[in-house]
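Numbering (this note's numbering), first residue to last: 685 to 1116.
Here a beta-carbon is modelled for each residue, glycine too, at the ideal position from N, C-alpha and C.
Quick caveat: nothing in here was measured; it's all calculated off a predicted structure.
All remarks here apply to the structure that follows.
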């Protein structure tokens, strides 16, 4: 029979596996490319098997996860059947079958990450260790990105950044996605910082006590210098909401006004200094909002026409081919040939698997979200709320950009969703 200390040790080991896997993907250009994505998905599946063996989730866990997992399974069947004409009763005729099969594997890898994260968060202290690990490896990603940018601002791992050569992209090739990547540790860092308030007294090792405020400030600064308007705005809104809705902070503000005022003033000054240092970069980008907005609506209109023409989707790997087939003018070709994404989450889901796929994904999301929303509304859990806010940042970015079309970011979202679900549904809730 496993001892309590042995169980805790296995949980701590399992809790770092998925963050480390995601760290590796982010270091490797966010696994953006068919070969990298397939390799990343294989590692995710193996990592999930290892996590499940380590934490051995009880039958209660599987019963609670069964409804959303069943819906996600149906979505996988929908995608897989479209890649096999012999069993595709709807005769969807998806092009690029070789790439579509790889897309199905990527989808399964993402679901595996969600299961692994939920299994870890189900165990006492597991979610905290997972999120602490992600905060710390995010700082390593940030440092690596700065080092690469200093060595050669026009390349990442030798790959040319093209027209993004003048923008900070970290360890990946897309500046807007990088802004989202660095906004997340800022939000999680604030959530972890709030768990260290005097009356909570959440036990934390010294490294995370240092890393949390550093991630908050460095994450905001890095997000800002990517010049991603949506990521920066979403991050700042998430930070504001996380602060306003923290019950313990409000109670301490009533009882220890001077302490809280000084604390918030210090944080506000730190954020203001960060934004001041990168003010020119940010202001220059905001001056082009109207022009870029018009261009974005043209992209949405182009891919919207493809959605209307293909109600069953074009497959998880067929976007580039169908885009080339849909180019009807030199104007479209000049505007669209390099885009590789509809820059909108709902259009992406519709293009991947059509309306049935969109309905299945939204249903699964609802089944996963309801316990977390209900829990976070009645319990004092800063890290749960911070994780939900981080998911909100990802969704905001994905609504106008390519964020969730990049494999590693889809897996990062799955990690956060699984962590929130496991930490919310498990009884009793002990996650700080």
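Could you give the C-beta distance for residue i and residue j, rounded to a whole number, given that I count them as a contact under 8 Å?
{"i": "residue 1099", "j": "residue 797", "result": "5 Å"}
{"i": "residue 788", "j": "residue 1000", "result": "6 Å"}
{"i": "residue 714", "j": "residue 986", "result": "Actually they do not touch by this definition, with Cβ atoms about 25 Å apart."}
{"i": "residue 917", "j": "residue 1086", "result": "Not really, about 17 Å apart at Cβ, beyond 8 Å."}
{"i": "residue 791", "j": "residue 774", "result": "So it is not a contact: roughly 19 Å between Cβ atoms."}
{"i": "residue 1066", "j": "residue 878", "result": "4 Å"}
{"i": "residue 840", "j": "residue 832", "result": "6 Å"}
{"i": "residue 873", "j": "residue 896", "result": "5 Å"}
{"i": "residue 699", "j": "residue 804", "result": "5 Å"}
{"i": "residue 1083", "j": "residue 1028", "result": "6 Å"}
{"i": "residue 711", "j": "residue 825", "result": "7 Å"}
{"i": "residue 754", "j": "residue 1045", "result": "About 13 Å; that fails the 8 Å criterion."}
{"i": "residue 809", "j": "residue 722", "result": "Their Cβ separation, rounded to whole angstroms, is 34 Å, which puts residue 809 and residue 722 out of contact at 8 Å."}
{"i": "residue 1168", "j": "residue 1104", "result": "Nothing can be reported for residue 1168, as the shown portion of the chain is limited to 685 through 1116."}
{"i": "residue 859", "j": "residue 912", "result": "6 Å"}
{"i": "residue 749", "j": "residue 802", "result": "6 Å"}
Classify residue i as helix, strand or coil using the three-state DSSP reduction.
{"i": "residue 1005", "result": "helix"}
{"i": "residue 1061", "result": "At residue 1061 the pLDDT is 46, less than 50, meaning the model places this residue with poor confidence and gives no usable figure here."}
{"i": "residue 1110", "result": "coil"}
{"i": "residue 696", "result": "helix"}
{"i": "residue 836", "result": "coil"}
{"i": "residue 1089", "result": "helix"}
{"i": "residue 1016", "result": "helix"}
{"i": "residue 1096", "result": "helix"}
{"i": "residue 976", "result": "helix"}
{"i": "residue 772", "result": "coil"}
{"i": "residue 716", "result": "coil"}
{"i": "residue 816", "result": "helix"}
{"i": "residue 844", "result": "strand"}
{"i": "residue 829", "result": "helix"}
{"i": "residue 758", "result": "helix"}
{"i": "residue 734", "result": "helix"}
{"i": "residue 852", "result": "coil"}
{"i": "residue 930", "result": "coil"}
{"i": "residue 858", "result": "coil"}
{"i": "residue 1038", "result": "helix"}
{"i": "residue 706", "result": "helix"}
{"i": "residue 889", "result": "coil"}
{"i": "residue 1101", "result": "helix"}
{"i": "residue 1028", "result": "coil"}
{"i": "residue 764", "result": "helix"}
{"i": "residue 911", "result": "coil"}
Kindly say whether residue i, judged by its beta-carbon, lies nearer than 8 Å to any beta-carbon of chain E.
{"i": "residue 899", "result": "As a matter of chain content, chain E is missing from the structure shown, which is built from one protein chain."}
Less than 8 Å separating the beta-carbons of residue i and residue j?
{"i": "residue 1068", "j": "residue 1056", "result": "yes"}
{"i": "residue 806", "j": "residue 1058", "result": "no"}
{"i": "residue 888", "j": "residue 901", "result": "no"}
{"i": "residue 1005", "j": "residue 780", "result": "yes"}
{"i": "residue 1102", "j": "residue 727", "result": "no"}
{"i": "residue 906", "j": "residue 1077", "result": "no"}
{"i": "residue 903", "j": "residue 863", "result": "no"}
{"i": "residue 857", "j": "residue 976", "result": "no"}
{"i": "residue 853", "j": "residue 914", "result": "no"}
{"i": "residue 899", "j": "residue 823", "result": "yes"}
{"i": "residue 1034", "j": "residue 1020", "result": "no"}
{"i": "residue 811", "j": "residue 1107", "result": "yes"}
{"i": "residue 978", "j": "residue 1026", "result": "no"}
{"i": "residue 778", "j": "residue 1038", "result": "no"}
{"i": "residue 742", "j": "residue 1051", "result": "no"}
{"i": "residue 1074", "j": "residue 795", "result": "no"}
{"i": "residue 733", "j": "residue 793", "result": "no"}
{"i": "residue 783", "j": "residue 718", "result": "yes"}
{"i": "residue 875", "j": "residue 1018", "result": "no"}
{"i": "residue 724", "j": "residue 1091", "result": "yes"}
Could you check whether the Cβ of residue i sits closer than 7 Å to any heavy atom belonging to the ligand HEM?
{"i": "residue 1075", "result": "This structure lacks the ligand HEM; in fact it carries no ligand of any kind."}
message = Below 8 Å, how does it come out for the region 731-739 and the region 690-704: are there three or more Cβ pairs, yes or no?
response = Touching, yes.
message = Assess contact between the region 813-820 and the region 698-708, defined as three or more Cβ pairs (one per stretch) separated by less than 8 Å. Is contact present?
response = Touching, yes.
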